[in-house]
Amino acid sequence: MSRPASFKTMGAIGRLWLMVVIGAWLAGPSFGKAPGKRHCYRGVCVKVLTVSQVQGLLGKTVRMTASHYGDPSVDPFNRGTFTSNGERFNANDPTRTASATLPDGTELLLRNPDTGAVSHVRVNDFGPFWVN
């Protein structure tokens, strides 16, 4: 399964605009990024936003950095097994994304400011780790 062209463009740019945080629902038990808790991976630790903090973002436009999954053979931070919420990793699923501070299960509507391309994604992993 290949990614839509607009999603490839968004990943290449690396900076996206978060237009709307659709919701913060938590599906099943989380293996890592629980709301309001500290989460660490490979020496990088952050405090994950609480559900009420995410709900405070509803309907707001926020600028943030986003990432897409790289192939485990070329991405040193990608083990290629499971995401932080326990889902099996799938680099070809354009509807999944990583965030260091948003809880797993948070749904986002992303807009590329350069192209206007829009993508609906759900956070299911911790990241991004690539530096521009």
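In this text, residue positions in the sequence shown follow the working numbering: the first is 980, and each later residue adds one.
Just so it is clear, CB atoms sit at the ideal spot from N, CA and C, and this is done for glycine as well.
Rounded separation between Gly1059 and Ala1077 - CA only: 14 angstroms
By a C-beta neighbour count over all protein chains shown, 10 Å radius and 16 as the cutoff for buried, is Thr1062 buried or exposed? buried
Cross-strand partners of Arg1017 (DSSP beta bridge): Lys1026
In three-state DSSP terms, what is Ser1098? strand
With burial defined as no fewer than 16 other Cβ atoms inside 10 Å of the residue's Cβ, what is the status of Val1027: buried or exposed? buried
At a cut-off of 7 angstroms, would you count Val1027 as near the ligand SAH, judging by its Cβ distance to the nearest heavy atom? Within the structure as shown, the ligand SAH is missing, as the structure has no ligands at all.
Please list, in chain order, all residues of the same chain as Lys1016 whose beta carbon is under 8 angstroms from its beta carbon, the five residues on each side excluded. Lys1026, Val1027
Locate the beta strand (DSSP E) running through Arg1075, then write down its first and last residues. 1075-1077
In whole angstroms, what is the alpha-carbon distance linking Cys1024 and Leu1081? Going from the Cα of Cys1024 to the Cα of Leu1081 covers about 13 angstroms.
Identified DSSP bridge partners for Phe1061: Arg1067
Nearest-angstrom Cα separation, counted from Gly1022 out to Arg1090: Taking the straight line joining both Cα atoms gives about 31 angstroms.
With distances taken from CA atoms, which of Gly1084, Pro1092, Asp1072 is nearest Arg1042? Pro1092
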